[in-house]
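Participant:
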Amino acid sequence: MAGYKPVAIQTYPVLGEKITQDTLYWNNYKTPVQIKEFGAVSKVDFSPQPPYNYAVTASSRIHIYGRYSQEPVKTFSRFKDTAYCATFRQDGQLLAAGSEDGVVQLFDISGRAPLRQFEGHTKAVHTVDFTADKYHVVSGADDYTVKLWDIPNSKEILTFKEHSDYVRCGCASKLNPDLFVTGSYDHTVKMFDARTNKNVLCVEHGQPVESVLLFPSGGLLVSAGGGRYVKVWDMLKGGQLLVSLKNHHKTVTCLCLSSSGQRLLSGSLDRKVKVYSTTSYKVVHSFDYTASILSLALSHQDETIVVGMTNGILSVKHRKSEAKKESLPRRRRPAYRTFVKGKIYMKQRDDIMVNRPAKKHLEWYDRDLKSFRISKALDRVLEPNCVIKTPEVTVSIIKELNRRGVLANALAGRDEKEITRVLNFLIRNLSQPRFAPVLINAAEIIIDIYLPVIGQSSVVDKKFIVLQGLVEKEIDYQRELLETLGMMDMLFATMTRNDSDPVSEHVPAELPEEKTESPTEPSDTDKNS
1 MAGYKPVAIQ TYPVLGEKIT QDTLYWNNYK TPVQIKEFGA VSKVDFSPQP
51 PYNYAVTASS RIHIYGRYSQ EPVKTFSRFK DTAYCATFRQ DGQLLAAGSE
101 DGVVQLFDIS GRAPLRQFEG HTKAVHTVDF TADKYHVVSG ADDYTVKLWD
151 IPNSKEILTF KEHSDYVRCG CASKLNPDLF VTGSYDHTVK MFDARTNKNV
201 LCVEHGQPVE SVLLFPSGGL LVSAGGGRYV KVWDMLKGGQ LLVSLKNHHK
251 TVTCLCLSSS GQRLLSGSLD RKVKVYSTTS YKVVHSFDYT ASILSLALSH
301 QDETIVVGMT NGILSVKHRK SEAKKESLPR RRRPAYRTFV KGKIYMKQRD
351 DIMVNRPAKK HLEWYDRDLK SFRISKALDR VLEPNCVIKT PEVTVSIIKE
401 LNRRGVLANA LAGRDEKEIT RVLNFLIRNL SQPRFAPVLI NAAEIIIDIY
451 LPVIGQSSVV DKKFIVLQGL VEKEIDYQRE LLETLGMMDM LFATMTRNDS
501 DPVSEHVPAE LPEEKTESPT EPSDTDKNS
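1 is the number of the first residue of the sequence shown in the UniProt record's numbering; add one for each residue after it.
#1: Using 8 angstroms as the Cβ pair cut-off and three pairs as the minimum, do the segment 119-126 and the segment 137-149 touch?
#2: Out of D101, V438, S211, which one is the CA nearest neighbour of G170?
#3: Closest to Y65 by C-alpha separation, out of K36, A83, D193, D91, would be which residue?
#4: Please classify H249: is it buried, with 16 or more other beta-carbons within 10 angstroms of its beta-carbon, or exposed?
#5: Check the DSSP bridge columns for L296 and list the partner residues they point to.
#6: Please list the terminal residues of the continuous alpha helix (DSSP H) segment that includes I440.
#7: Measuring CA to CA, which of I388, A113, Y84 is closest to K101?
#8: Here's a check: name, in chain order, each residue in its chain whose Cβ is nearer than 7 angstroms to the Cβ of I398, leaving out the five neighbours to either side.
#9: Quick one, which of F118, A132, D133 has its alpha-carbon nearest N153's?
#10: By Cβ distance, which residues of its chain are closer than 8 angstroms to P51, with the 5 residues on each side in sequence left out?
#11: Classify P114: buried if its beta carbon has 16 or more other beta carbons within 10 angstroms, exposed otherwise.
#12: With V466 and A297 assumed to form a contact (beta carbons below 8 angstroms), what rounded beta-carbon distance in angstroms separates them?
#13: Just to confirm the assignment, what range does the alpha helix (DSSP H) spanning A86 have?
#14: Below 8 angstroms between beta carbons: does that hold for I293 and V273?
#15: Compare the Cα-Cα distances from K320 to each of K343, N311, I305, G312 and report the closest residue.
#16: Should the segment 5-14 be regarded as contacting the segment 23-37, the criterion being three or more beta carbon pairs within less than 8 angstroms?
#17: Please say whether K161 and T145 have beta carbons closer to each other than 8 angstroms?
#18: Could you give the distance in angstroms between the alpha-carbon of P452 and the alpha-carbon of I446?
#19: Please report how far the alpha carbon of D366 lies from the alpha carbon of F464, in whole angstroms.
#20: How far does the alpha helix (DSSP H) with A410 in it extend, from its first residue to its last?
#21: What is the rounded straight-line gap between the Cα of N385 and the Cα of S396?
#22: So, for R263: in the same chain, excluding its five sequence neighbours on each side, which residues have a beta-carbon less than 6 angstroms away from its beta-carbon?
#23: Since R263 is in the alpha helix (DSSP H), which residue starts that stretch and which ends it?
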C-alpha cells in the first residue's frame, strides 16, 4: 500500500508594499518613546543649533526637552492661560510664544522670566515667528490681525487687518526679512511685505487654513487645512497652483520639511503622517499613530521625529545608530573533518550501501486527513493563528476536501460558533482573486446546507447578510470592469480603424494603362491580311 501524500500547499505572491529607498530610510527608526503632557500638544519646534533641543507647547506650559531626554530640561510656565506656538529663533537663544490672553512673550533659553511682552492683540495669538534679520517677530491672532513687533524697542511696528477670520498659522521668509506669510480661516493665504504696508500676494485655499510652510528658497508655498487638501503654490509665478494633494481622510493640521528639502511631511486628524516627494508629489511613505495629530517636527539630519497628539501624548522616534557592533572573541569551532566524517567514504567493491529513508513529519491537518478525520482537519486550519498568518493553508485544505468530495460532510453538523468561524473566513478572503474560485464553491455548499435553519441564530444570520453584501459588491465591481473593458475595446477598435483609413486615402489611384502600338510591330489586322 502506498504511503500518504501530504497536501500540497499552493504558494501565492506575497502581498505587501514595495520596498524602496524611502521605505528603508523612514523605517530606520527605533521604537517610539511616548511622553505624557498636560494637554493636547499644539506645537513642536526644534532648535536650529546644537544640541538640537525641542520645545513642546501643551496647555499653559512650554517644555524644553533634550534630544534623548524623557524629562524636560527647562519649563516656562509664566502664562495666565493656554500657551501657543513656541518657536525658536535662528540662533537658538530666544523663544517666542503666543497665549490665549493675546500677549506675545519672548524668553531667553538660559532664563525663566520673559524678556519681552508684546501687548496689542485682543484675542488669542496662535502663530508667532522670527523674521530673517532676527530682530522682529510676526504674530497672528483670532482678532483677524497680523502684527510686526520690534524686539529691541518692544514696540509694535505694523498692523495688517486684511484677513476676515481667525489667523491660525504663519511663517516668515528665511531670506527676506520683510516678507512673511499667514493663513486664515477665511480660506486665504496672504503674503505681506513690511515695506509696502499691505499684502503683495493672496491665494485662495478653498478651506480654513491650519498650516502654511514656505520653502527655504522662497519659491514654493505649501498650505493645508480643512477639506483634506495639501496645496503647493508657485510664488515666482504669482501664486499659481502647482499641485493639489488629497491623501488624508481628515483635516491636515501640520506640515514639515525634511533636512534635505526633498521630502514634505504632513500630519492629520486621521492619525497618519504622510511623506511626499517634492519632485513628483507622490506619497513615498506613511506613519500610523494612535491618536489625531496636531504637531510635527524633524530634527537636524532627520535624526529624530517628534509628533504631538490630541490626547497629550508626545511620540519621539530616534534614528537607529549605524555603529558597527564590537567583535566578540571568536570561539574555536570543530574542524571541518568533524562534520564530513563518514560522508566522504568511498564505496569499495565488496561493500553494500544501505540507505536509511528520511522520516517525514506530517502537519497536524495531514495527520487528520490521513486518518479520515475531515472535520477535525478543517477545524485545525480555521484556528485564528492559521487564518490570519497563512490563509493559503486553509484554502488548500478546503480545496483538497472538495477534490475528495467530502467538503459538504466536513462543513455539515456545526454549531453556531463553528459556522461563524467559517463565515468569518469567507468574509475576510472571498474578495481576494487568488482565493475566490475555491471559496465561492465553499460558500455555495454552506448556503445549501444551512439554508433550512436560517432564522434560528441572529449571529449567523448577520454573517450571511454581510456575506451577501460582499458578493453583491463584487458583482457590481465585475459589472463595472466589464463595462470599462467594453469601452476600451471600442476605443482600441476606433483607433485601429483611424490608423488604417489614412493609408488608403493617401494612396493615389492607379491610372489605367493605355496600350500603345509600336510603329515597328505590325498590328493583328496586318498579320491576318
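The beta carbon of each residue, even a glycine, is placed where N, CA and C say it ideally should be.
Facilitator: Answer, in terms of the structure:
#1: Yes, since at least three Cβ pairs between the segment 119-126 and the segment 137-149 fall closer than 8 angstroms, the two stretches touch.
#2: Measuring C-alpha to C-alpha distances from G170 to each of D101, V438, S211 identifies S211 as the nearest.
#3: Sorting K36, A83, D193, D91 by C-alpha distance to the C-alpha of Y65 places K36 at the top.
#4: Exposed: under 16 other Cβ atoms inside 10 Å.
#5: Looking at the DSSP assignment, L296 forms a beta bridge with V307.
#6: In this chain, the alpha helix (DSSP H) harbouring I440 covers 436-450.
#7: Going by the sequence as given, residue 101 is Asp instead of Lys. With respect to the C-alpha of D101, the residue from I388, A113, Y84 having the closest C-alpha is Y84.
#8: Excluding sequence neighbours, I398 sits near L407, V438, A442.
#9: Ranking F118, A132, D133 by CA distance to the CA of N153 puts F118 first.
#10: So the list reads G66, R67, once near-sequence residues are dropped.
#11: Burial of P114 is indicated by the presence of at least 16 other C-beta atoms within 10 angstroms of its C-beta.
#12: About 43 angstroms; that fails the 8 angstroms criterion.
#13: That residue, A86, is in no alpha helix (DSSP H); its beta strand (DSSP E) goes 83-88.
#14: Contact: yes.
#15: Ranking the options by Cα distance to K320, first place goes to I305.
#16: Contact fails: fewer than three Cβ-Cβ distances are below 8 angstroms.
#17: Result yes, Cβ atoms of T145 and K161 sit closer than 8 angstroms.
#18: Counting only the Cα atoms, I446 lies some 11 angstroms from P452.
#19: A direct Cα-to-Cα measurement between D366 and F464 gives close to 30 angstroms.
#20: Note, A410: alpha helix (DSSP H), 407-411.
#21: Here the alpha carbon of N385 sits roughly 16 angstroms from the alpha carbon of S396.
#22: Result list for R263: V275, in chain order.
#23: Annotation for R263: no alpha helix (DSSP H) segment contains it, though the beta strand (DSSP E) segment containing it runs 263-268.
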